[in-house]
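Below is one structure, written out as C-alpha cells, with a few remarks after it.
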Amino acid sequence: MELKFRPDGKFRIMQIADIQDTQITSKDTVELIEAALDKDKPDLVVFTGDQIKGYGFTLSLGNREENVKKAFDNFLKPVVDRNIPFTFCFGNHDAQAFGISKEKQLALYKSYPNCVAERGDESLEGVANHNLLIKDSKGEKDIFNIYLIDSLSSTPDGRCAAVTKGQIEWYQKTRDELKEKHGDYVKSLVFQHIPMCEMWELFKEVPKSRKPHAQGFREHAGKYYWIDENRLIKGNCDFTYETPATPSENTGEFDALREKGDVIAAFCGHDHNNSFVGEYNGLIMGYTQGCGFNVYGPKLERGVRIIDLDENNLNTFSTYTTMYKDIKSVKDIHNKVKYLIYSYAPPSVESVIPKLKKAGII
Numbered sequence: 457m458e459l460k461f462r463p464d465g466k467f468r469i470m471q472i473a474d475i476q477d478t479q480i481t482s483k484d485t486v487e488l489i490e491a492a493l494d495k496d497k498p499d500l501v502v503f504t505g506d507q508i509k510g511y512g513f514t515l516s517l518g519n520r521e522e523n524v525k526k527a528f529d530n531f532l533k534p535v536v537d538r539n540i541p542f543t544f545c546f547g548n549h550d551a552q553a554f555g556i557s558k559e560k561q562l563a564l565y566k567s568y569p570n571c572v573a574e575r576g577d578e579s580l581e582g583v584a585n586h587n588l589l590i591k592d593s594k595g596e597k598d599i600f601n602i603y604l605i606d607s608l609s610s611t612p613d614g615r616c617a618a619v620t621k622g623q624i625e626w627y628q629k630t631r632d633e634l635k636e637k638h639g640d641y642v643k644s645l646v647f648q649h650i651p652m653c654e655m656w657e658l659f660k661e662v663p664k665s666r667k668p669h670a671q672g673f674r675e676h677a678g679k680y681y682w683i684d685e686n687r688l689i690k691g692n693c694d695f696t697y698e699t700p701a702t703p704s705e706n707t708g709e710f711d712a713l714r715e716k717g718d719v720i721a722a723f724c725g726h727d728h729n730n731s732f733v734g735e736y737n738g739l740i741m742g743y744t745q746g747c748g749f750n751v752y753g754p755k756l757e758r759g760v761r762i763i764d765l766d767e768n769n770l771n772t773f774s775t776y777t778t779m780y781k782d783i784k785s786v787k788d789i790h791n792k793v794k795y796l797i798y799s800y801a802p803p804s805v806e807s808v809i810p811k812l813k814k815a816g817i818i
C-alpha cells in the first residue's frame, strides 16, 4: 500500500500505544479504537509497542502462537476492516511472549494485507527497525519519512534497555542516504516505545503538596514531579501521573536525532499515565497515553494520539488526543470491576516500594 498525502495536502497519523492485552482482548479497548478511527479517519495507524501482554498467563495457555494471532486479530480488526495502512514497533513486553519471538510476531503482522511494516536491517539489534516514506499528494516524490525503532527488552537489573549505537547509526545512515537521493534532508517523525533519557528534561520537581503529581522511584525516590510548563507545547489534554521509565544508559539517541534538523518530533508510549508534548534543546518529544483497558492506565483518559501533517509546511505538525471520555462514558464500560482495578493499579513494582517502606511493610 502506497503512503501519500491526500489531495488536500494533508496526512493524518494515529498513534496507538500500550494495548498490552492477550487473546481475551478487552472489548473497551477495541471499541475505543473503533470509535477513534471513525471519528478521526487517519491515513496511517502506528502501534508503538506493548501491543500484547507478553507476560500474561492467559497467553501461555494452549497454543501460544494461536493466542498471539487471536490477540492481533482482535485489536487489528478495526484497522483492517477500514482498510487503513498500519505499521508498528515493538515494546519491552512484546518480547516476553512465551517463546513467540518478535520474528514470528512480525510474520503474523505481515499476514494482514494493510500492514506496511518492514523487517529492516537484520544486522541490527531488535526486529522491524524500519522507515516509511510518504509521497506528495500527486504521488510524484517522497516528501516525508517515518522511523520505527525497536525499544528492545530489559537489562539484567530490570531497567529498560537503551536504543543501541547500531540502531542510532542505522538512523544516521538512512537519514544521509535520503539526503543524497532527494537533495536535502527529508523531514521525519520518530516512533518508539520507550522514552529517551532526555524526557526527564520535560519534568520539574514539585512539592508533595502539589496535586496532582507524579511520584519518583529508584534514584528519584522520595521526590515528586510535574510537567515543566516552560517546555510544554500545550495540547487538548496534558497530564503525567507517573515519572519516565527511561533507560539507565544514555547512548546518544537524542543528540543524533537533533543534529541535522530532519526529525521534527519523537513520540513514545510505555508510561501509560502520561500524555503531553514538549520541547527540549530544539527537539520535540511526545508521550501518548495507554489505550488498553486490561492493564493499568489513566481511567477514562485512555486514548490515542492524532498527528496532522501538511505538505505545504513539513517543518511542523499539529497534534491532539482522542480519549475514551470524548466518545463514550463510564456507563459504557463492559467490565467495571476490572476497570476500577486497573485504573488504580500501580505502574510498576518499583513505584510501590517507597509506599511499602513508608508503611513499614518492607
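Taking the numbering used here, the leading residue of the sequence shown gets 457, the next gets one more, and so forth. Ideal Cβ positions, reconstructed from N, Cα and C, are used throughout, including at glycine.
- In the three-state reduction of the DSSP assignment, aspartate 506 falls in the coil class, being assigned neither a helical nor a strand state.
- Under the 8 Å Cβ criterion, the stretch 642 to 656 counts as touching the stretch 712 to 727, having at least three qualifying pairs.
- Selection Ser799, Ile590, Pro463 and Pro612 evaluated against tyrosine 697 yields Ser799 as nearest (Cα-Cα).
- In the pairwise beta carbon analysis, the stretch 778 to 785 is classified as not touching the stretch 561 to 578: fewer than three pairs are separated by under 8 Å.
- DSSP places tryptophan 626 in the uninterrupted alpha helix (DSSP H) bounded by 621 to 638.
- Spanning the alpha carbons of valine 751 and isoleucine 475 requires a straight line of approximately 8 Å.
- Just so you know, the alpha carbons of glycine 746 and serine 579 end up roughly 31 Å apart.
- If you compare the alpha carbons of Gly582, Glu574, Val583 and Ser731 with that of leucine 589, the shortest gap goes to Glu574.
- For the 9 Å CB-CB criterion, glutamate 633 and cysteine 693 do not form a contact.
- With fewer than 16 other Cβ atoms inside 10 Å of its own Cβ, alanine 563 counts as exposed.
- Per DSSP, the unbroken alpha helix (DSSP H) holding tyrosine 798 starts and ends at 792 to 800.
- Between threonine 481 and asparagine 530, the C-beta gap is smaller than 9 Å, which places the two residues in contact.
- Using a Cβ-Cβ distance cut-off of 8 Å, the stretch 695 to 711 and the stretch 763 to 777 are not in contact, since fewer than three pairs of beta carbons, one from each stretch, lie closer than that value.
- Under DSSP, phenylalanine 544 shares a beta bridge with Phe503.
- In this structure phenylalanine 546 does not touch aspartate 499 by the C-beta definition: roughly 23 Å separates them, more than the 8 Å allowed.
- Sixteen is the threshold: when 16 or more other Cβ atoms of the shown chains lie within 10 Å of the Cβ of leucine 658, as they do, the residue is buried.
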